[in-house]
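J.: Residues 0 to 110 (numbering that gives the first Met the number 0) are what the sequence shown spells out, left to right.
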Amino acid sequence: MIERVSPISRAVAAEVPGFVQRLSPEAIVPVILLATREQARGAQMRVGGIRVIDRTLRQIARLRDVDVTIVSDGSIRLPKRLPAHVSVRTTENPGAVVNELKAKFKTAEEA
Numbered sequence: 000m001i002e003r004v005s006p007i008s009r010a011v012a013a014e015v016p017g018f019v020q021r022l023s024p025e026a027i028v029p030v031i032l033l034a035t036r037e038q039a040r041g042a043q044m045r046v047g048g049i050r051v052i053d054r055t056l057r058q059i060a061r062l063r064d065v066d067v068t069i070v071s072d073g074s075i076r077l078p079k080r081l082p083a084h085v086s087v088r089t090t091e092n093p094g095a096v097v098n099e100l101k102a103k104f105k106t107a108e109e110a
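1) For residue 33, tell me which candidate among 74, 50, 47 and 46 has the shortest Cα-Cα distance.
2) What are the partner residues of residue 89, as DSSP defines its beta bridges?
3) Alpha carbon to alpha carbon, how far is residue 29 from residue 64? Give it in angstroms, no decimals.
4) Check whether the Cβ atoms of residue 93 and residue 55 sit closer than 8 Å, and answer yes or no.
5) In the DSSP assignment, find the beta strand (DSSP E) that holds residue 34 and state where it starts and stops.
6) What's the gap between the Cα of residue 21 and the Cα of residue 91?
7) Sorted by chain position, which residues of the same chain lie with C-beta nearer than 7 Å to residue 100's C-beta, five sequence neighbours on each side aside?
8) Let me know the secondary structure DSSP gives residue 66 once reduced to three states.
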């Protein structure tokens with residue numbers, strides 16, 4: 000599992016040396032988001048005036064401890080600007096990429 004110490008915990012530990020119990024590393028949660036032909040109909044729907052895919056990415060941008068990989072076949076138009084912790088993998092065979100990512104996350108979790 001990928002771990003890191005949050006900047007807030009680091010700052011608190013610097014200010015109050017006795018307050019170290021919160022200095023435990025936080026786990027980074029891997030997220031796979033599919034943006035393929037099969038999901039295009041739902042992703043293009045509008046909720047609250049914006050597309051579902053845009054709303055999803057806006058909510059993901061608020062999360063700190065996630066590593067998001069968008070697997071796309073190019074059928075859904077993604078925003079030009081994405082949050083820093085979001086990466087896009089464009090492929091013709093999304094199923095193979097998803098299986099590869101799941102295997103990668105599983106081996107990282109076991110290590």
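From the three backbone atoms N, C-alpha and C, an ideal C-beta is built for every residue, glycine too. Small disclaimer: the values here were computed from a predicted structure and weren't measured.
T.: Quick look at the numbers:
1) Looking up residue 33 in the sequence shown gives position 34. Restricting attention to 74, 50, 47 and 46, the CA atom closest to the CA of residue 33 is found in 74.
2) Residue numbering aside, residue 89 sits at position 90 when the sequence shown is read from its first letter. In the DSSP assignment, the residues bridged to residue 89 are 71.
3) By one-based count along the sequence shown, residue 64 stands at place 65. By one-based count along the sequence shown, residue 29 stands at place 30. Cα-Cα distance, rounded: 9 Å.
4) Here residue 93 corresponds to residue number 94 of the sequence shown, with the count starting at 1. Here residue 55 corresponds to residue number 56 of the sequence shown, with the count starting at 1. No, they are not a contact pair.
5) Taking the first residue of the sequence shown as 1, we reach residue 34 at position 35. Element bounds for residue 34: 28-34.
6) Stepping through the sequence shown from its first residue, residue 21 is reached at position 22. Stepping through the sequence shown from its first residue, residue 91 is reached at position 92. Residue placement at residue 21 cannot be trusted, given a pLDDT of 46 that sits under 50; what the coordinates show is reported in the next sentence. If I take the Cα positions, the gap works out to 44 Å.
7) The residue you call residue 100 lines up with position 101 of the sequence shown. If we look at residue 100 and ignore the five residues flanking it on each side, its Cβ neighbours are 31 and 68.
8) Looking up residue 66 in the sequence shown gives position 67. Looking at residue 66 - three-state DSSP - the assignment turns out to be strand.
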